Structure formats: structure tokens, C-alpha cells
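Colleague: The structure is given below, and queries will be raised subsequently.
So this is what it looks like as C-alpha cells:
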């Protein structure tokens, strides 16, 4: 509206129109809302692109570089796309348990990125808001998640259930991977690293580290204790192998918990340490020769070691490996019935699932996205950019990735011709081959009673296992306690006389 200088009627008319449009107008052809949506997002520490790169990823489809923090890029994209301002209040947590403690203490979140078992716990407690039907509409050009989720991951999310509902109803995948052993091939053979028994192998006493996590450590213990069963041909060739494997690896009977405690006591005596994050540095500096690791951290460790001229490898235990997922879910206590918040939260997931965003996040943190890109081949181009052999390399291996990108293992368009050593290194850690994936198992959510038993087992392992205390120690402890009591009683009796 053009207002003439000095025109009082025009000014009055402008004010009247302004007052009649309390919440929305038009800008650049898009509807613009005056309200700013505040979206509270919490994710793992160092688990998103923070920008300021030194390198450009020059793909055939175009260059990709992280100039800005990707959260700020989302805020700009959301306004440009929907005409609504959004302010993301971003925070981070160090573990699923740390997030849950902050959440139960009253911290407010709208969108969080826990691991699959914590998601299941939240769903069981009726804390999670289902994703909307519109989120899964593949005809919407901005629904990058629905269009780009890996067929392999999609199948898992649709077939895995919680409370009778598929994971996909509540949980949008962000990153995934498996657990295994990062090892120094100068001291450890691939065969020695490809079994959970490396944790108790006396050959590597004080040279191996294990995760300071009850779930990961319990999984390793079960795998080691059931090695004979899990590697038997009868078990492997059973038509219900995957179902049986998940049942065996999630055995939480009192008997198994007791055996796992004894096994982990042996691990404690044999390993260098239980660690949460120090294992990566310990491998690089040579303090240890093997480290129980998540595959995403494995990529980081191998990369950093290579910069120092140290070439490490990654192996997956033949008994079984844990396949894990970190993903987005919306909390009822934060979003409630606020449709504007829910729209912004689902748009955040979609923006993080856009192929260029996927590549930025993968490059920055080293983990593998659940997104394959659908018809957009840039994510595969990025994998090829990272791992393909140079033209003059002679020792090369064709590494098929069709199972992940299209669901077709034989898809010739999704094969990386890589240096042969990558079959046991970064490429294998980033995208495990289909044979390895076939022996992976999900760790399920344990109920409160089982969780308490596992936590007590872990306390016994990490602190003191009373079953391992010898009789003579109990006698000494009794004497130490009783003698002062006798002395006090005798003094009181003497005073009375």
C-alpha cells in the first residue's frame, strides 16, 4: 500500500488494515506468520554439523560445504519454505541415561534423538507423540525423510514393534551402525579380533578396552557365553535364525545375568579399562591394541590414526553384533497439541534428511545416516567420493551397497570399487557388508524389574562383587567391625562400676 506523505486519511487507513491483520500478511508471495515458533531440540554431543569446514566435497552433482551451523541453516530454510520464523533452542546430552535424567527432572524438550531402546522406554511410558500422516506423504517435495529412508532401515522400522505399534509410528531414523572391535593388525589378527572372547584373551591382558555401559557390555558377555550355540551351523541355518538370534542375544534370565556378571569380572581383570570415549585416543596413541567400539566412532578412530601414519582395522564378532539406531521422536510434554511446533519438529527431521544435509552431518560426525536418498544419488556419490580407489590402484575390490541404497543386493549401480584394504577398514565400518549385517541383533527394551537386576549386576562388576570376596576377607572385616564395639562396651561397663 502506498502512503502519501502528509496524508492523514491514508495513514489512518493503513493502521486500520494493519490492525485487521493481527497474525499474518504476505512477503515474497508466501504467507508470513508473525508468531515465532520456539523448537527445543536435544541431541547427542557433537552429533550434528556445526559448520566452518576446511574442505569442499566436490561431487558430480555439485559441491557441498558446511559454512554455517546446520541448525541455523534450518531456521533460514524453514522461513523461506513456510513463511514462519522458527527459533531452535539446541542442547546436547552425553548418554541416553543423562537425557532421561534431565527429562524426568523437568527439562522441557520438543524433539529429541535417543537410541532405539530409550525410544521404546519413552513409548512404553506414553511420552511420545506419533508422527503425523502428512509426514509420510511422499508427494510432498519437502518430505525428504519419507522419500529418502533406506529400504533396509525402513523394513526394520516397520517390522520392529513396541506396544504393538511399529517403530516407524514414533521414531524417525537419524544415524545407525553396529558394534565391533577396532584393532591394530600389527599385534592382533583379524581372527582374534572377530570374537567377543578377545575381551578375556590373556594374550592381550591390559591391552583391550570395553565400553563403560551396562547394555553394550552385557551384549558382549551374552555373545561370548553363547558362542558355541551362535556359531553352530544348525543355529545359523535355521529358517528362524534372525528371530532366534534376537531371542538369545536378549536373554535376561537370572541365570544369564549371573553368568554375565562372572564373565564381566574376568573382563575387568583382563582389560586396560572400561571407557566411554577415551578408547579412541588410547587406540591412536598405542596404549591399547583393541577397543570395543561403535562403528561410527570406529570410522573416526581409523581416520585419526591414519593421519599419524597408523593403520587400524575394524572387525565384527562372528557370534553376533548389535545393530543400533539413533533417531528423532517428539515428546508429548513439549509439543502437546501445538500443531505449529509439531510441524516445525517434523520439518527439522526432513531438513536433516535432505541429501546435502545428510552428507554434511555424516562428514562432520563420522556416523552413517539412515537416509539413502531415494532417487537422489548424492549420498551414494559421497560414499564413492570417500572410499573409491584411485584409477591406478591395482589391489581393488568391488563392494556392493545395493542392499542399503535400493534394497536390491545385485544393483550394479550401487557398487564401490574400493582399495582392497577398505574391506576391513573405514568402508566396512561405515557400511558393513550384507553378510555381516545378517548376524546383527537389536537390543530390546528391558522392563523395570530386569533393568534393576542388570544395573545391580553392573554395580557388582564395576565396584565390588561380594560373591568373589574370600572367607578370610570376611573374617578380617568382621574383626575390624567387632573389636571397636567390644572396646566401647568395655569402657561403658568400667564407667558404670
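Residue numbers (the numbering used here): 20 to 516.
Cβ coordinates follow ideal geometry from the N, Cα and C atoms, glycine included.
Since we're looking at a predicted model, the values are computed, not measured.
In the DSSP assignment, find the beta strand (DSSP E) that holds residue 294 and state where it starts and stops.
Modeller: Per DSSP, residue 294 belongs to the beta strand (DSSP E) from 292-294.
Colleague: Inspect the CB distances between the stretch 339-359 and the stretch 453-465 and report whether three or more fall short of 8 Å.
Modeller: The stretch 339-359 vs the stretch 453-465: in contact.
Colleague: From what residue to what residue does the beta strand (DSSP E) around residue 312 run?
Modeller: First-last of the beta strand (DSSP E) with residue 312: 309-313.
Colleague: Apart from the five residues on each side of it in sequence, which residues of its chain come closer than 6 Å, Cβ to Cβ, to residue 385?
Modeller: Closer than 6 Å at the Cβ level, and outside the excluded window around residue 385, lie 315, 318 and 319.
Colleague: For the alpha helix (DSSP H) containing residue 139, list its first residue and its last residue.
Modeller: Residue 139 -> alpha helix (DSSP H) spans 135-143.
Colleague: Starting from residue 479 and walking both ways along the beta strand (DSSP E), at which residues does that stretch end?
Modeller: Premise fails: residue 479 lies in the alpha helix (DSSP H), 467-481, not in any beta strand (DSSP E).
Colleague: Express the C-alpha separation of residue 246 and residue 91 in angstroms, rounding to a whole number.
Modeller: If you take the alpha carbons of residue 91 and residue 246, they lie about 48 Å apart.
Colleague: State the Cα-Cα distance for the pair residue 96 and residue 468, rounded to the nearest angstrom.
Modeller: Cα to Cα, residue 96 sits roughly 46 Å from residue 468.
Colleague: Let me confirm a value: residue 48 is counted as buried when at least 16 other C-beta atoms fall within 10 Å, else exposed. Which label applies?
Modeller: Residue placement at residue 48 cannot be trusted, given a pLDDT of 39 that sits under 50; the coordinates are not used to answer.
Colleague: Within the chosen definition, does the stretch 360-369 reach the stretch 400-411 through at least 3 CB pairs nearer than 8 Å?
Modeller: No: the two stretches stay apart, fewer than three of their Cβ pairs being nearer than 8 Å.
Colleague: Quick check on DSSP: helix, strand or coil for residue 333?
Modeller: Strand, per DSSP.
Colleague: With respect to the beta strand (DSSP E) encompassing residue 18, which residues constitute its N-terminal and C-terminal limits?
Modeller: Outside the shown range of the chain (20 to 516) lies residue 18, about which nothing can therefore be said.
Colleague: Would you list the residues sitting across from residue 229 in a DSSP beta bridge?
Modeller: Beta-bridge pairing links residue 229 to 293.
Colleague: Three-state secondary structure (DSSP) at residue 101?
Modeller: It is helical.
Colleague: My parser needs the alpha helix (DSSP H) runs of 4 or more residues fully inside the stretch 218-265; what are they?
Modeller: With a minimum length of 4 residues, the continuous alpha helix (DSSP H) runs that stay inside the stretch 218-265 are 233-244, 246-249 and 252-255.
Colleague: If you drop the 5 nearest sequence neighbours on each side, which residues of the same chain put their C-beta closer than 7 Å to that of residue 202?
Modeller: So the list reads 212, 308, 309, 331, 332 and 334, once near-sequence residues are dropped.
Colleague: Taking Cβ positions, are residue 422 and residue 453 nearer each other than 8 Å?
Modeller: Yes, these two residues count as a Cβ contact at 8 Å.
Colleague: Taking contact to mean at least 3 C-beta pairs separated by less than 8 Å, is the stretch 423-433 in contact with the stretch 233-247?
Modeller: Not touching, per the Cβ criterion.
Colleague: What does DSSP give as the partner residues of residue 111 in its beta bridges?
Modeller: In the DSSP output, where bridge partners are listed per residue, residue 111 has 62.
Colleague: Give the DSSP bridge partners of residue 192, in chain order.
Modeller: Partner(s): 346.
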